[in-house]
Amino acid sequence: MRLERRPQVPPYLVIVAPLAAVAVSLTLAAGLIAAAGVNPLTAYAEMVRGAMGSRLSLTEMLTRATPLILTGLAAAVAFRARLWNIGGEGQFLMGALVTAWVGHSLDLPPVPGIAVLLVLGMASGAILLAGPAYLRLRFGVDEVVTTLLLNFIVILFVGLMVEGPLRDPLAFGWPSSVPVDGDFRLPDLIARTRLHVGFLIALVAAGIVWLVLSRTVFGAETRAVGLNAAAAKFAGISLPVNLMAVALFSGALAGLAGSIEVLGVTANVTTTISPGFGYAGIVVAMLAALHPAGVVVAAVFVATVFVGADAMSRATGVPSFIADVIVALCLLSMLVALLFTTYRVRR
Amino acid sequence: MTAVLELDGITKRFGALTANDSVSLTLGQGEILALLGENGAGKTTLMNILFGHYAADAGSVRVFGQELPSGKPRAAIEAGVGMVHQHFTLAGNLTVLDNIMLGSESLLRATSSRASARRKLMQIAERFGLPVSPDEKVSRLSVGERQRVEILKALYRDARILILDEPTAVLARPEAQRLFETLKEMTKEGLSLIFISHKLHEVMAASDRVAVLRGGRMVAERVTAETTPEELAELMVGRRVERPVRQDHRIGAPVLVANRMRVDVGSETKLQDVSFTIGAGEILGIVGVSGNGQASLGALVSGLTRLSAGTLTLDGQDVGLMGPRGMIRAGVGRVPEDRHSEGVVGELAVWENAVLERLRSPEFSKRGFVRRAACKAHAAGLIDRFDIRGATPDTRTRLLSGGNMQKLILGRCLSIGPRFVLATQPTRGLDEGAIAAVHSELLAARAAGAAILLISEELEEAVALSDRIQAMVKGRLSDPISASEADAQRLGLMMTGVWKEGSDAA
């Protein structure tokens, strides 16, 4: 038995691969659910009901999907150019922190204010990734290490700020930051739910990312650099300029996710504002095979698992940690599935 | 003569493609058999089946009368078949001895018998006339020496039948000659050999018998002494192919002028005191043994590395520090040495590669957006004009054959009517038909008034295309000689550093 490279990847496989990966991980997780003494089918039914069964649960799920779409786009943009940005979590937190900080005392009318805050969030994420990108270009430092470790530095920095200068005196001693001015809260999309305009912004961002990657000179150059850097360089594309542009773009998307989460949902920053949105973004991007439209679908799926798992846990008693297991299994099986889209097995 | 190896009715399909169609072949004891065929004729597939890398769909392989189980390289090795791949499979950070022992000992053994392995290696090296220093790191060896290690590796596993896949593809002419002398000696020690090639002259020089493959079928077998290169060429291609001939014409004013150029990479001087002039409508050929600075010269003129000293001017404009983008803007067409790693992005479509160099020109983009229709039309034009077969603008470039990929690269740089063209090893690895096409394109550019710098390791090619020739030795250039004065002997001397009678530049 051996692996043989496919001459051309059949188009249907691009759709089938993530579906197969999801099916495999749900099957594997079913074993664990069964081990917890619950019928996996019942559990999964509860999960779907918990995430989509009612107006409230559906909007909750989409609220959860919003930052995942953006962090997923951030990972997809970077990975396509072979810039391994594992720092989405840190960029998310930085975007959130700066937004809350400035948003507390910004003196502007609501709409320009929101625009300024979103741009600031994007800028903070972009700058946070520019550092590791510069180190890689200048000294060849592996960005996997630098971006990953920066996440921990940023979360400690957020901790420092919310315990110190940004501490909300009205929060009864909870380490949370001062809230953003109410004028700058993103309007609700559907009344009496938490679903906010940020969801639409995320969808628009996906469209823009698709347009930029597939229709612009920058996108074409990025693809060339990602697929064959030597040939791209030979053809006159500047690798440092392109990589830095990719880094700013990717970091900005993750920063935007943090900014929107603050303006749309939490209003302030705590060290627990992100249940791993940055890391889950990597899974989302991989499940989407780095395609912007796929990112939206994959983000909805991952959000369904997370939101649904809480409901399932309440109904059946299976710990909601099963969501982490499912998402992690999805990443692993997607990596295997990607192998089989480029290669096939021959006896 | 007894047959040591018999292939009988081997058929192998990859999807719709039949790579081998009922191929039968025998190899006699002590014989050197050349397996001749164009790229894609099925030579490598056939040898991979013999060696057990692929399983045949039909047919059988018998070694010393025993049938080999299909798809098991281990069984082939045990039966005494050794294979030397075109791309070496050596670990550069290990020593020669380590590389040779690698895989021949069980992982579960606690001790490694290096002393006895060393003894065996030295015995083999002596017996077959393949000198080697066992403790040298492979990364420090020359390409020819690495190949020797590959051969020793096969012999160390007691191979009595040796298969060499395009053994001279990476070797300079003298090294290749030495290799074939060694191989002849080896047959006297009882080895039988098959070598794969598409180069007629070495088949004629080195083999006892020739088997010709075309389109997956065995089309002819000849005793080498009873055939001619012309007959083999026709059998291989299926029709007569003649390379185009350079016509004499007036050379115009100087276009590219290099004056005492030096290139330092780190503390190493790659090029020194390099001067040349190329006029409009002139081809200047640079010949030399591989690794004498040709790659550095190519990288410099294509803009990948920058001048450390000296000047390089194009129509009087200084281009020595321009970088690739500047070179392209200045009207330089560049054909890189390695088309897969530098020429094209294999995973992109043909149209994307066709415009990659000039994406930012108004012809192909507007306000940062790619004008896809214009790009695809341009690619379709190239496909048509340069006869790029098997391609549409949307085809993945990786799927093109080497020759058609090269035509795409040539088309990309010739379609702008360049002032100057750099062609680095433009026909390396191509078959006869594609070589003729590339040559006629280069000659057409010459006729249109382009100055062309041809860097080639193929002497015939350099002599046939160039108006003048200079040899490169250790990063320096000889004085130019006119192509009419160039013969193999004179060029051979130039390539060893003897430029004028009595003078030694090295």
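In the order they appear, the protein sequences are chains A and B. Sequential numbering of the first sequence, starting at 0, is according to this note's numbering. Sequential numbering of the second sequence, starting at 180, is according to this note's numbering. Glycine residues also receive a C-beta, built at the ideal position from the N, C-alpha and C atoms.
Taking a 10 Å sphere around the C-beta of A:Gln7, we find fewer than 16 other C-beta atoms and assign the residue as exposed.
Taking the Cα positions, B:Gln245 is about 50 Å away from A:Arg81. The DSSP assignment places complete alpha helix (DSSP H) segments of no fewer than 4 residues inside the stretch 123 to 171 of chain A at 142 to 162, in order along the chain.
Between B:Ala613 and B:Gly582, the C-beta gap is smaller than 8 Å, which places the two residues in contact. Counting only runs that start and end inside the stretch 332 to 396 of chain B, the alpha helix (DSSP H) elements of at least 4 residues fall at 352 to 367, 379 to 385. Separation of the CB atoms of B:Leu479 and B:Val442 is rounded to 6 Å, and the pair is thereby assigned contact status at 8 Å. Residues Ser203, Gly238, Ser239 of the same chain have their beta carbon placed closer than 6 Å to that of B:Asp187, with the five preceding and five following residues left out of the count. Using a Cβ distance threshold of 8 Å, A:His103 and A:Val177 count as a contacting pair. In this structure, the straight-line span from the alpha carbon of A:Val143 to that of A:Leu149 is close to 10 Å.
By the neighbour-count definition (other C-beta atoms within 10 Å, threshold 16), B:Lys191 is a buried residue. B:Pro433 is bridged by DSSP to B:Gly458. Sorting B:Phe599, B:Leu276, B:Pro252, B:Arg325 by C-alpha distance to the C-alpha of B:Ile457 places B:Phe599 at the top.
For A:Ala75, the nearest beta carbon of chain B is not closer than 8 Å to its own beta carbon. Less than 8 Å separates the beta-carbon of B:Val391 from that of B:Gly216. The C-beta of B:Glu542 comes no closer than 8 Å to any C-beta of chain A. By DSSP's assignment, B:Lys316 forms a beta bridge with B:Thr274.
B:Gln668 is classed as exposed because its beta carbon has fewer than 16 other beta carbons within 10 Å across all chains shown. Rounded to whole angstroms, the gap between the alpha carbons of A:Ile321 and A:Ala336 is 22 Å. For B:Arg655, the number of other beta carbons within 10 angstroms of its own is at least 16, and it is reported as buried. Taking CB atoms only, B:Glu536 has a neighbour in chain A less than 8 Å away. Distance between A:Gly293 and A:Thr340, taken at the CA atoms: about 16 Å. When only Cα atoms are considered, B:Ile507 and A:Gly235 end up about 7 Å apart. Taking CB atoms only, B:Arg539 has a neighbour in chain A less than 8 Å away. Contact check for B:Asn471 against B:Met301 fails: the beta carbons are separated by 8 Å or more. For the options B:Val416, B:Ala615, B:Gly477, the alpha carbon positioned closest to that of B:Glu521 is the one of B:Gly477. Taking 8 Å as the upper bound for CB-CB distance, B:Ala437 and B:Ser454 are in contact here, some 6 Å apart.
Contact check for A:Ala219 against B:Leu561 fails: the beta carbons are separated by 8 Å or more.
Proximity of B:Glu521 to chain A, defined by a Cβ-Cβ separation below 8 Å, is satisfied.
The beta carbons of B:Ile330 and B:Val263 sit about 6 Å from each other, so the pair counts as a contact at 8 Å. Within its own chain, the residues whose Cβ lies closer than 6 Å to the Cβ of A:Met121, once the five positions on either side in sequence are excluded, are Ala251, Gly254, Leu255, listed in chain order.
Looking only at B:Ala623, B:Asp610, B:Ser657, the smallest Cα-Cα distance to B:Gly417 is reached by B:Asp610. Chain-order list of chain B residues neighbouring A:Pro291: empty, with the shortest C-beta distance near 17 Å, by a criterion of under 8 Å. Not one beta carbon of chain B lies nearer than 8 Å to the beta carbon of A:Glu260. Annotated three-state conformation of B:Ile648 is strand, per DSSP.
For A:Arg343, no CB of chain B lies under 8 Å from its own CB, so it is not counted at the interface with that chain. For A:Arg79, no CB of chain B lies under 8 Å from its own CB, so it is not counted at the interface with that chain.
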